[in-house]
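Here's the structure we're looking at; comments come further down.
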Amino acid sequence: MVKKAHALAEQAWKTLSSRPIYQNRWLSLCEDLVELPDGRTTIYGVVTSGECAGILPFLDSHTVLLVKQYRYVAKRVTWEMPTGGVHEGESIEAAAQRELSEEIGYQAGRLTRISTYHTSKSVMDETAHLFIGEELASLERPPDETEFIEVRAFPFTDALQMVLQGEIVDGMTIIAMLHAARLRGSSVD
Numbered sequence: 325m326v327k328k329a330h331a332l333a334e335q336a337w338k339t340l341s342s343r344p345i346y347q348n349r350w351l352s353l354c355e356d357l358v359e360l361p362d363g364r365t366t367i368y369g370v371v372t373s374g375e376c377a378g379i380l381p382f383l384d385s386h387t388v389l390l391v392k393q394y395r396y397v398a399k400r401v402t403w404e405m406p407t408g409g410v411h412e413g414e415s416i417e418a419a420a421q422r423e424l425s426e427e428i429g430y431q432a433g434r435l436t437r438i439s440t441y442h443t444s445k446s447v448m449d450e451t452a453h454l455f456i457g458e459e460l461a462s463l464e465r466p467p468d469e470t471e472f473i474e475v476r477a478f479p480f481t482d483a484l485q486m487v488l489q490g491e492i493v494d495g496m497t498i499i500a501m502l503h504a505a506r507l508r509g510s511s512v513d
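Printed below as a string of structure tokens:
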């Protein structure tokens with residue numbers, strides 16, 4: 325039985341039908357009827373929100389900028405790096421620069437991609453693209469009208485401790501901070 329289950333683990337599920345349930349400008353929800361690898365069918369809810377970009381901005385080699393804001397779904401205030409959705413027709417890098425501009429008023433002279441991953445592999449199709457932003461230049465650009473944020477500079481080592489102590493709870497920021505620590509040879513214990 326284990327051998328058969330193992331073989332079925334890599335077989336794609338087949339979408340038999342998809343029914344839209346809800347849609348707004350940020351996401352859509354569909355209910356799919358899918359055929360499983362063993363021939364049975366089941367209902368699967370799928371949230372579609374597309375791609376997003378997150379940028380860990382370094383003011384200098386030892387200082388990062390983080391934003392603090394209230395997150396409605398989490399029902400709490402969080403510290404996180406600038407993040408946001410990729411608009412239709414926009415490159416991932418352009419989205420990253422736009423989010424930096426809107427949230428912290430800077431543009432990065434150098435963007436380094438550090439990770440691309442699925443934010444939720446089970447019910448959401450969102451793909452996150454994470455960058456380190458360096459060589460920041462100040463910009464004059466109005467903030468996003470739906471964001472009410474505070475921007476603060478942190479020593480990178482302090483921000484890393486915030487991740488390790490559970491003070492930073494945003495998944496994109498945690499992943500970016502840990503990658504940045506690895507790339508910079510910082511200890512994460």
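So the sequence shown is residues 325 to 513, counted in this note's numbering.
Just so you know, even glycine gets a beta-carbon here, dropped at the ideal spot from N, CA and C.
Point to revise | Distance, Gln347 Cα to Glu417 Cα | key: Each residue's alpha carbon lies about 26 angstroms from the other.
Check your understanding: Considering Gln421, what are the terminal residues of the alpha helix (DSSP H) in which it resides?
Key -> Boundaries of the alpha helix (DSSP H) harbouring Gln421: 416 to 428, taken from the DSSP string.
Practice item. Please state whether DSSP places Phe455 in a helix, a strand or coil. Key: Phe455: strand per DSSP, three-state reduction.
Exercise for review: Please state whether DSSP places Gln485 in a helix, a strand or coil.
Suggested key: Three-state DSSP puts Gln485 in a helix.
Exercise for review: Can you say whether Pro406 is buried or exposed, counting buried as having 16 or more other CB atoms within 10 angstroms of its CB?
Suggested key: Residue environment for Pro406: buried (at least 16 other C-beta atoms within 10 angstroms of its C-beta).
**Study point:** Inter-residue spacing [alpha-carbon to alpha-carbon] between Gly457 and Met486
**Key:** Cα to Cα, Gly457 sits roughly 20 angstroms from Met486.
Point to revise | Classification of Tyr430 by the beta-carbon crowding that lies within 10 angstroms, buried from 16 upward | key: Burial call: buried.
Exercise for review: In angstroms with no decimal places, state the Cα-to-Cα distance between Ser341 and Pro361.
Suggested key: Approximately 16 angstroms, taken between the alpha carbons.
Check your understanding: Excluding sequence positions up to five away, which residues of its chain have a Cβ less than 6 angstroms from the Cβ of His503?
Key -> Around His503, the same chain offers Ile438, Ser439 as residues with beta carbons nearer than 6 angstroms, after the five sequence neighbours per side are excluded.
**Study point:** Terminal residues of the alpha helix (DSSP H) in which Arg508 lies
**Key:** Taken as a continuous stretch (DSSP letters only), the alpha helix (DSSP H) holding Arg508 covers 495 to 508.
Practice item. State the beta-bridge partners of Phe382 as determined by DSSP. Key: According to DSSP, which records beta bridges pairwise, Phe382 is partnered with Val388.
**Study point:** Meets three-Cβ-pair contact criterion under 8 angstroms: the segment 383 to 395 and the segment 478 to 494
**Key:** Counting Cβ pairs under 8 angstroms, three or more are found: they touch.
Exercise for review: Note down the Cα distance separating Ile473 from Val391, rounded to an integer number of angstroms.
Suggested key: About 6 angstroms.
Review point. Going by Cα to Cα distance, which pick from Thr436, Arg343, Glu359 is closest to Phe337?
Key: The sequence given here places Trp at residue 337; Phe does not occur at that position. Considering only alpha carbons, the answer is Glu359.
Check your understanding: So which of Leu332, Cys354, Ile379 has the shortest CA-CA distance to Ile367?
Key -> Measuring from the Cα of Ile367, the nearest candidate turns out to be Cys354.
**Study point:** Close Cβ partners of Val401 (< 8 angstroms) along its chain, the five nearest in sequence each way excluded
**Key:** Once the five neighbours on either side are set aside, the close Cβ partners of Val401 are Lys392, Gln393, Tyr394, Arg395.
Practice item. Return helix, strand or coil for Phe480, following the three-state DSSP convention. Key: In this structure, Phe480 counts as helix in the three-state DSSP scheme.
**Study point:** Coarse secondary structure for Ala307, derived from DSSP in three states
**Key:** There is no way to answer for residue 307, as the model of the chain reaches only from 325 to 513.
Check your understanding: Between Ala419 and Ala377, which are expected to be in contact by the criterion C-beta below 8 angstroms, what is the C-beta distance as a whole number of angstroms?
Key -> Ala419 to Ala377, Cβ: 4 angstroms. Contact.
Exercise for review: Can you have a look at Trp350 and say buried or exposed, based on whether 16 or more other CB atoms are within 10 angstroms of its CB?
Suggested key: It counts as exposed.
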